[in-house]
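A.B. asks:
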Amino acid sequence: MKTKRYLLAGALILSLSTSAFAQDNGYEAALNPIISALKASPNDPKAGKDAIKAYMKAFKKDEKALVALGNVYLSQRNYQGAKDVANLVVTNKKMNGSLGYLLLGDIAALEDSIGNAGAAAQQYQTAISLDPHNVEAYERYARVYRHVNSDVAVQKLEELRQIEPNYPVEATAAEIMFNDRKYTEALEWYNKANTSYLTEDHFYRYGYTAVLCGKYDKAIEVANTGLQKFPGSEYVSRVGMMGATEKGDYAKALSFASTMFAGSGQKVANDYAVYGKALCGNKQYDEALTNLNKALEMDKDNIEPLKAIADVYAAQGNEDKSLEVQMEYLSKSKRANSNDWLKLAQTYVDKANKAAEAKNIEERNAALDKAIGVYESMLPKFPSISDYIWLNQSEAARLKNDADQVAAIYKKVAAFEEAKPSLNAEAKTYLEMVYYGLGYYYSKKGDKATGDSYFKKVLEINPNHPNAKEALGM
Numbered sequence: 001m002k003t004k005r006y007l008l009a010g011a012l013i014l015s016l017s018t019s020a021f022a023q024d025n026g027y028e029a030a031l032n033p034i035i036s037a038l039k040a041s042p043n044d045p046k047a048g049k050d051a052i053k054a055y056m057k058a059f060k061k062d063e064k065a066l067v068a069l070g071n072v073y074l075s076q077r078n079y080q081g082a083k084d085v086a087n088l089v090v091t092n093k094k095m096n097g098s099l100g101y102l103l104l105g106d107i108a109a110l111e112d113s114i115g116n117a118g119a120a121a122q123q124y125q126t127a128i129s130l131d132p133h134n135v136e137a138y139e140r141y142a143r144v145y146r147h148v149n150s151d152v153a154v155q156k157l158e159e160l161r162q163i164e165p166n167y168p169v170e171a172t173a174a175e176i177m178f179n180d181r182k183y184t185e186a187l188e189w190y191n192k193a194n195t196s197y198l199t200e201d202h203f204y205r206y207g208y209t210a211v212l213c214g215k216y217d218k219a220i221e222v223a224n225t226g227l228q229k230f231p232g233s234e235y236v237s238r239v240g241m242m243g244a245t246e247k248g249d250y251a252k253a254l255s256f257a258s259t260m261f262a263g264s265g266q267k268v269a270n271d272y273a274v275y276g277k278a279l280c281g282n283k284q285y286d287e288a289l290t291n292l293n294k295a296l297e298m299d300k301d302n303i304e305p306l307k308a309i310a311d312v313y314a315a316q317g318n319e320d321k322s323l324e325v326q327m328e329y330l331s332k333s334k335r336a337n338s339n340d341w342l343k344l345a346q347t348y349v350d351k352a353n354k355a356a357e358a359k360n361i362e363e364r365n366a367a368l369d370k371a372i373g374v375y376e377s378m379l380p381k382f383p384s385i386s387d388y389i390w391l392n393q394s395e396a397a398r399l400k401n402d403a404d405q406v407a408a409i410y411k412k413v414a415a416f417e418e419a420k421p422s423l424n425a426e427a428k429t430y431l432e433m434v435y436y437g438l439g440y441y442y443s444k445k446g447d448k449a450t451g452d453s454y455f456k457k458v459l460e461i462n463p464n465h466p467n468a469k470e471a472l473g474m
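Numbering (this note's numbering), first residue to last: 1 to 474.
#1: Check each candidate in Lys156, Pro132, Thr126, Leu292 and name the one with the smallest Cα separation from Arg143.
#2: For Val90, which of helix, strand or coil comes out of DSSP?
#3: Considering Cα atoms alone, identify which of Tyr124, Val67, Gln123 is closest to Val85.
#4: Within 10 angstroms of the Cβ of Asn424, are there 16 or more other Cβ atoms? Answer buried if so, exposed if not.
#5: Rounded to whole angstroms, how far is the Cβ of Lys192 from the Cβ of Glu175, which I believe are closer than 8 Å?
#6: What are the start and end residues of the alpha helix (DSSP H) that includes Asp249?
#7: Excluding the 5 residues preceding and the 5 following Gly207 in the sequence, name in chain order all residues of the same chain whose CB lies nearer than 6 Å to its CB.
#8: According to the neighbour-count rule (16 or more other Cβ atoms, all chains shown, within 10 Å of its Cβ), is Val274 buried or exposed?
#9: Have a look at Lys370, Gln405, Ala82, Met95 and flag the residue whose alpha-carbon is nearest the alpha-carbon of Leu323.
#10: Between Asn32 and Gly97, what straight-line distance do the alpha-carbon atoms span, to the nearest angstrom?
#11: Would you mind stating whether Met242 and Val268 have Cβ atoms separated by less than 8 Å?
#12: In the structure shown, what three-state DSSP assignment does Leu379 receive?
#13: Is Cys280 helix, strand or coil by DSSP?
#14: If we count the other Cβ atoms within 10 Å of its Cβ and call it buried at 16 or more, is His133 buried or exposed?
#15: Do Tyr436 and Asn467 come within 8 Å of each other at the CB atom, strictly closer than that value?
#16: Would you report the Cα separation of Glu111 and Tyr183, rounded to the nearest angstrom?
#17: Could you compute how far the alpha carbon of Glu297 sits from the alpha carbon of Gly232?
#18: Can you round the beta-carbon distance between Glu234 and Thr259 to whole angstroms, since I take them to be within the 8 Å contact cut?
#19: Measure from the alpha carbon of His147 to the alpha carbon of each residue in Glu164, Asp62, Asn179, Thr126, then state which is nearest.
#20: Determine, using beta carbons only, whether Ala65 and Tyr73 come nearer to each other than 8 Å.
#21: Determine the extent of the alpha helix (DSSP H) in which Leu102 is found, giving its start and end residues.
#22: Run through DSSP, which three-state label would Ile52 get?
#23: With DSSP collapsed to three states, give me the class of Tyr454.
#24: Taking DSSP as the reference, what is the three-state secondary structure of Ile461?
#25: DSSP on Ala173, reduced to helix/strand/coil?
#26: Which of the three DSSP states, helix, strand or coil, is assigned to Val268?
#27: So, is Arg181 buried or exposed, given that buried needs 16 or more other C-beta atoms within 10 angstroms?
#28: If you draw a straight line from the C-alpha of Phe21 to the C-alpha of Gly70, how long is it?
#29: Rounded to a whole number of angstroms, what is the C-alpha to C-alpha distance between Phe230 and Tyr167?
#30: Select from Gln266, Asp50, Lys343, Lys39 the residue whose C-alpha is nearest the C-alpha of Lys307.
#31: Leu99 and Glu63: beta carbons closer than 8 Å?
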């Protein structure tokens with residue numbers, strides 16, 4: 001509850017700072033010393049007293065200016081101060097009051113974004129009734145009410161479209177879903193939007209949502225459309241670079257990167273990390289390492305670029321350096337998953353294959369033993385995929401020409417699958433494979449009876465298996 005409340009608080013205060021503080025340079029300039037005083041002494045009730053008094057006197061007839069002051073209080077979590085200003089506005093018969101009720105809705109939402117959603121929505125509805133063109137009131141209503149009834153929240157946006165025909169209802173609905181981490185639903189809403197009405201920021205969020213959903217072609221398409229409307233946009237190019245890099249279209253990614261880095265906006269660590277991946281994919285390894293290391297320097301708490309650095313070394317054929325970096329990542333990361341460990345094992349396998357090509361059997365076997373050890377260490381970490389891990393381990397044992405070890409691993413896979421109450425297609429495929437392998441193993445050892453028993457098990461899984469039928473003389 002508290003987490004959601006402060007997430008909403010941050011979002012609302014951000015919108016307040018852009019919509020209310022910067023509408024009129026006259027009162028914005030007058031607010032600056034008040035903001036500075038309140039930030040300097042947030043617990044002092046007399047902070048900025050004289051500046052506030054002068055401000056109230058100068059802008060006593062200006063609803064926008066007074067609400068802007070209320071928003072300053074609200075940004076400091078001074079709810080009573082914000083309420084006093086809002087009530088001053090809504091009780092003044094010479095003022096419309098819509099902005100005052102908007103402020104009262106924000107206060108209610110920030111005090112308790114979930115439990116008080118109804119109270120906030122009621123204030124926003126009053127703001128709308130006083131000014132049907134108060135776009136922010138419709139948007140805030142939808143955002144606070146989404147937890148109560150998302151359909152009603154979207155209906156409120158549809159009401160706004162009746163007043164403002166060009167208003168991008170779908171984009172706002174998508175952002176609501178995005179903020180609730182419902183990325184698939186968010187992308188569906190974005191896909192319904194008329195791109196003619198989308199802002200530069202909308203295009204970025206649309207493309208980023210597509211990336212999160214793994215729809216990389218869509219992300220690239222969105223970026224291209226956005227750049228037609230906002231030529232040279234580094235923000236739209238940024239998400240295009242992400243999508244193209246994840247897709248593996250590195251030339252396109254570098255094209256987007258060129259536009260992004262040409263912009264004057266602040267660049268973040270992830271920009272250099274993604275750019276580094278694209279450069280690696282384009283075989284520009286030195287430049288890739290430079291940018292990936294820059295990403296690490298800019299954000300020392302994020303070690304994810306180490307994975308890409310390891311990939312660069314692997315692509316250069318430097319397996320030892322790649323292994324060193326991978327092990328550094330695995331020792332430090334709390335986010336390492338099974339794929340990260342599988343990649344470590346695969347790098348040992350790659351090293352073994354290179355040694356085999358050089359006919360260095362001792363080095364090959366040593367590398368394969370390392371891979372087998374990595375797989376073994378994965379089993380307690382990822383028990384639900386033990387069968388998949390064992391099959392990878394068996395392949396390393398096969399490359400080592402250790403048939404006995406392969407057979408021992410196959411028996412583990414068979415026992416794992418046989419213990420399941422029911423078998424899905426994947427489990428059946430695994431069983432078919434290990435049963436046949438065990439049948440072949442025992443046949444080669446001269447134990448025809450045991451070999452045939454496994455071939456018969458293959459046919460229980462797949463009655464049309466040609467090799468098993470041939471082995472049984474069928």
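The C-beta atom is built at its ideal place from N, Cα and C for all residues, glycine as well. Predicted model only: the values in this text are computed from it and were never measured.
C.D. replies: Concretely, from the data shown:
#1: Taking the sequence shown and counting its residues from 1, one reaches residue 143 at position 143. Closest in alpha carbon position to Arg143, among Lys156, Pro132, Thr126, Leu292, is Lys156.
#2: The residue given as residue 90 occupies position 90 in the sequence shown. In the structure shown, Val90 falls within a helical segment according to DSSP collapsed to helix, strand and coil.
#3: Position 85 of the sequence shown, counted from the start, is the residue given in the question as residue 85. Among Tyr124, Val67, Gln123, the Cα nearest to that of Val85 belongs to Val67.
#4: Translated into positions along the sequence shown, residue 424 becomes position 424. Counting of Cβ neighbours within 10 angstroms places Asn424 among the exposed residues, the total staying below 16.
#5: Position 192 of the sequence shown, counting from 1, holds the residue named residue 192. Position 175 of the sequence shown, counting from 1, holds the residue named residue 175. The beta-carbon distance between Lys192 and Glu175, rounded to whole angstroms, is 13 Å. This is too long to meet the 8 Å contact definition.
#6: As a first step, residue 249 is located in the sequence shown; it is residue number 249 there, counting from the start. Following the DSSP letters along the chain, one finds Asp249 in no alpha helix (DSSP H), marked with neither H nor E.
#7: Your numbering for residue 207 matches position 207 in the sequence shown. Sequence-distant Cβ neighbours of Gly207 in its own chain, meaning closer than 6 Å and more than five residues away, are Ala219, Val222, Ala223, Val239.
#8: As a working mapping, residue 274 is identified with position 274 in the sequence shown. Buried, because 16 or more other Cβ atoms sit within 10 Å of the Cβ of Val274.
#9: What you label residue 323 is simply residue 323 of the sequence shown in a count that begins at 1. Per the Cα distances, Lys370.
#10: Taking the first residue of the sequence shown as position 1, residue 32 is located at position 32. Taking the first residue of the sequence shown as position 1, residue 97 is located at position 97. Approximately 24 Å between the Cα atoms of the pair.
#11: Residue mapping note: residue 242 aligns to position 242 of the sequence shown, counting from 1. Residue mapping note: residue 268 aligns to position 268 of the sequence shown, counting from 1. Cβ atoms of Met242 and Val268: not closer than 8 Å.
#12: For the purposes of this step, residue 379 is identified with residue 379 of the sequence shown, where counting begins at 1. DSSP places Leu379 in coil when its eight states are reduced to three.
#13: As a first step, residue 280 is located in the sequence shown; it is residue number 280 there, counting from the start. Helix, per DSSP.
#14: As a first step, residue 133 must be located in the sequence shown, where it is residue number 133. With fewer than 16 neighbouring CB atoms inside 10 Å of its own CB, His133 falls in the exposed class.
#15: On the sequence shown, position 467 is the one that residue 467 refers to. On the sequence shown, position 436 is the one that residue 436 refers to. Taking 8 Å as the Cβ cut-off, Asn467 and Tyr436 qualify as a contacting pair.
#16: On the sequence shown, position 111 is the one that residue 111 refers to. On the sequence shown, position 183 is the one that residue 183 refers to. When rounded, the distance between both Cα atoms is 27 Å.
#17: Within the sequence shown, the letter at position 297 stands for residue 297. Within the sequence shown, the letter at position 232 stands for residue 232. Their backbone Cα atoms lie some 28 Å apart in a straight line.
#18: For the purposes of this step, residue 234 is identified with residue 234 of the sequence shown, where counting begins at 1. For the purposes of this step, residue 259 is identified with residue 259 of the sequence shown, where counting begins at 1. Contact flag correct, Cβ pair sits at about 7 Å.
#19: Along the sequence shown, one-based indexing puts residue 147 at 147. In terms of CA proximity to His147, Asn179 leads the group Glu164, Asp62, Asn179, Thr126.
#20: Numbered from its first residue, the sequence shown carries residue 65 at position 65. Numbered from its first residue, the sequence shown carries residue 73 at position 73. Taking the C-beta atoms as reference points, Tyr73 is found no nearer than 8 Å to Ala65.
#21: For the purposes of this step, residue 102 is taken as residue 102 along the sequence shown, with counting starting at 1. Leu102: member of the alpha helix (DSSP H) spanning 98 to 111, first to last residue.
#22: Translated into positions along the sequence shown, residue 52 becomes position 52. DSSP places Ile52 in helix when its eight states are reduced to three.
#23: By one-based count along the sequence shown, residue 454 stands at place 454. Look at Tyr454 here: in three-state DSSP terms it is helix.
#24: What you label residue 461 is simply residue 461 of the sequence shown in a count that begins at 1. Three-state result, Ile461: helix.
#25: In the sequence shown, the residue the question calls residue 173 occupies position 173. Looking at Ala173 - three-state DSSP - the assignment turns out to be helix.
#26: Against the sequence shown, residue 268 aligns to sequence position 268. Here Val268 carries a coil assignment [DSSP, helix/strand/coil].
#27: Mapped onto the sequence shown, residue 181 falls at position 181. So Arg181 ends up on the exposed side.
#28: By 1-based counting over the sequence shown, the position of residue 21 is 21. By 1-based counting over the sequence shown, the position of residue 70 is 70. Unreliable positioning characterises Phe21 in this predicted model, as indicated by a pLDDT of 41, which lies under 50. The coordinate reading is nonetheless provided below. For Phe21 and Gly70, the distance between alpha carbons rounds to 10 Å.
#29: Locating residue 230 in the sequence shown gives position 230, counting from the first residue. Locating residue 167 in the sequence shown gives position 167, counting from the first residue. Phe230 and Tyr167 have their alpha carbons spaced roughly 19 Å apart.
#30: By one-based count along the sequence shown, residue 307 stands at place 307. Checking every option, the nearest Cα to that of Lys307 belongs to Lys343.
#31: If you number the sequence shown from 1, residue 99 lands on position 99. If you number the sequence shown from 1, residue 63 lands on position 63. Cβ distance < 8 Å, so Leu99 and Glu63 count as in contact.
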